[in-house]
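Residue numbers (my numbering), protein chains in the order written: chain S, 169 to 435; chain D, 3 to 292.
No residue lacks a Cβ here, since even glycine has one placed at the ideal position from N, Cα and C.
These figures come from a predicted structure and were not determined experimentally.
One structure is given here, and the rest of the page talks about it.
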């Protein structure tokens with residue numbers, strides 16, 4: 169069976185800096201992969217490379233295949249048919265990832281019209297339905313609100329609604345809970361978990377936080393210095409970390425006091 | 003509109019610009035005298051004599067009628083030159099800011115034209131096509147347009163670098179849609195300020211060009227040419243030259259105040275601050291800061 173997403177020997181250079189060094193990852197339909205690493209380890213660059221959204225002047229080699237078709241080297245126009253439709257993304261900062269001057273309903277309606285061919289009125293109605301799906305309170309009213317009128321958690325729910333509007337096969341979540349406070353984090357994680365389960369969407373979850381990834385990912389890959397250091401089933405990697413980077417991340421997670429994680433995964 | 007009326011400056015701006023538009027409108031149907039009618043019996047009449055509200059010039063032409071009819075040219079040039087500056091500015095800025103192969107050259111083109119004086123453009127155009135209202139409009143439109151483009155390009159680049167544009171692209175939006183739906187609305191407040199400055203500048207530039215003889219040709223009355231004609235006699239009849247100067251100053255002031263008020267009214271970030279704290283904009287007051 170062909171994998172949904174297959175990244176093979178992906179290498180990215182920006183200027184003369186090697187940002188990603190021969191990264192290979194594989195995701196099957198409905199699969200959930202956690203990509204973990206400290207800041208600057210190259211995990212966000214990997215996700216942007218998948219969408220073809222790297223900054224001008226980035227030199228990309230290797231292969232990124234979606235359902236067997238190569239994405240690298242495709243034109244921006246061809247890729248925009250993939251973005252939001254087959255692969256969608258949730259961003260770290262819901263505050264900045266929403267246009268401050270556009271009502272949130274319009275922002276959800278954009279991909280609905282584009283990818284599902286809905287009329288203006290149809291998209292507006294579907295946007296409300298999506299707002300209900302992502303658990304926005306009083307959706308009829310909130311779709312007419314501007315982003316600054318929402319709380320951080322509500323904004324991230326809108327971010328999720330936008331990402332899911334095109335009914336993607338793969339959802340990339342780039343630190344979606346990092347900018348939120350801890351109680352809201354848990355809610356958003358539970359919602360994300362629920363949404364991808366119900367829709368059968370594959371998930372590439374990017375984070376630096378082992379406690380978070382342990383809750384959502386079946387498999388994890390640990391990244392450092394632009395390379396994959398270790399990859400395997402979540403339980404296996406966390407129980408028997410082979411790489412020093414994984415051990416360091418695990419120690420950091422324990423030190424910051426996640427009792428649940430410590431109890432569950434301490435050998 | 004209510005936002006503009008909220009500030010004192012906005013009110014004065016609306017009144018002054020309203021006065022200009024009213025004068026231009028009224029002059030289409032009525033003026034106390036024919037502004038070009040030469041009456042040798044009353045040269046240099048003092049204000050309020052023989053029905054001459056502001057007096058007459060050296061040929062006995064009624065100054066008030068000239069100011070009234072001259073406002074048409076001012077209003078027309080200000081409006082058309084600003085529209086043109088907006089089109090030129092937004093067009094060039096979009097081409098320069100959106101990352102394509104065209105971006106670099108267009109950016110350099112803007113930088114070169116910014117250094118090119120508007121007066122020089124007008125002189126070149128006037129030399130080729132003769133002085134006319136359109137010479138002034140095109141020269142001001144291009145001259146101000148590249149300046150608008152320079153500012154708008156920087157603003158657009160910063161908007162294009164934001165997360166919400168990245169998020170828009172990640173959701174599959176085309177470049178055209180991103181520019182139309184995200185970039186333009188977000189640079190609009192800055193564009194409004196720039197274009198309101200252009201309105202004020204266009205009034206000044208039209209006066210300057212007419213003064214130099216590159217704008218409105220005689221006998222059509224224009225404030226710039228009135229200034230030039232009356233200025234020669236400023237030591238003998240100082241009162242006469244005040245009127246066109248006053249008209250130009252008041253109009254420029256009106257457009258500037260209106261532009262400022264417009265900026266405050268259209269920027270939703272300022273709008274929120276105002277409604278959240280009951281009436282007043284919640285900006286840090288300079289005197290409160292250490």
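Q: Pull up the DSSP beta-bridge partners for residue 191(S), would you.
A: 178(S)
**Q.** Continuous beta strand (DSSP E) assignments of at least 3 residues falling wholly in the segment 225-310 of chain S
**A.** 226-234 and 255-258
Q | residue 344(S) classed as buried or exposed, judged by whether at least 16 other C-beta atoms fall within 10 angstroms | A | A residue is called buried when at least 16 other Cβ atoms come within 10 angstroms of its Cβ; residue 344(S) meets this threshold and is buried.
Q. Using a C-beta cutoff of 8 Å, does residue 375(S) count as contacting chain D?
A. Under the 8 Å criterion on CB atoms, residue 375(S) is classed as non-interfacial with respect to chain D.
(Q) I'd like the list of long-range same chain contacts for residue 224(D), defined as Cβ closer than 7 Å, with 5 residues on each side in sequence excluded. (A) 72, 75, 212, 217 and 218
(Q) Just to make sure I have the definition right: I need the residues of chain D whose C-beta is within less than 7 Å of the C-beta of residue 217(S). Which are they? (A) Proximity of chain D to residue 217(S) at the Cβ level (cut-off 7 Å) is not reached, the minimal Cβ distance being about 12 Å.
(Q) With a threshold of 8 Å between beta-carbons, can residue 301(S) be considered close to chain D, or not? (A) no
Q: Taking only beta carbons into account, state which residues of the segment 155-178 of chain D come closer than 7 Å to chain S, listed in chain order.
A: Cβ contacts with chain S: 164, 165, 166, 168, 169, 171, 172, 173, 174, 175 and 176.
**Q.** Limits of the alpha helix (DSSP H) - the one that residue 13(D) falls within
**A.** For residue 13(D), the enclosing alpha helix (DSSP H) begins and ends at 10-31.
Q: Would you mind stating whether residue 254(D) and residue 243(D) have Cβ atoms separated by less than 8 Å?
A: no
Q.
Could you check if residue 339(S) belongs to the surroundings of the ligand GDP, using beta carbon to heavy atom distance under 7 Å?
A. Ligands displayed in this structure: none; no statement on the ligand GDP is therefore possible.
(Q) Does the contact criterion of 3 or more C-beta pairs under 8 Å hold for the segment 308-319 of chain S versus the segment 261-276 of chain S? (A) yes
Q. If you draw a straight line from the alpha carbon of residue 412(S) to that of residue 97(D), how long is it in whole angstroms?
A. 49 Å
(Q) With a threshold of 8 Å between beta carbons, is residue 101(D) in contact with chain S? (A) yes
**Q.** Distance between residue 256(D) and residue 20(D) (C-alpha atoms, nearest Å)
**A.** 9 Å
**Q.** Beta-carbon proximity of residue 217(S) to residue 169(D), cut-off 8 Å
**A.** No. Outside cutoff.
Q | C-beta atoms of residue 384(S) and residue 360(S) nearer than 8 Å | A | Contact: yes.
Q: Go ahead and pull the three-state DSSP assignment for residue 51(D).
A: strand
Q) Are residue 232(D) and residue 209(D) touching if we call contact CB-CB under 8 Å? A) No, the pair does not count as a contact, with Cβ atoms beyond the cut-off.
Q: With distances taken Cα to Cα, identify the nearest neighbour of residue 322(S) among 335(S), 304(S) and 175(S).
A: 304(S)
Q) By Cβ distance below 7 Å, which residues in the same chain neighbour residue 177(D) in space, the five residues on each side in sequence not counted? A) Closer than 7 Å at the Cβ level, and outside the excluded window around residue 177(D), lie 100.
(Q) For residue 234(D) and residue 145(D), what's the separation of their Cα atoms in angstroms? (A) 29 Å
Q) Nearest-angstrom Cα distance between residue 202(D) and residue 328(S)? A) 46 Å
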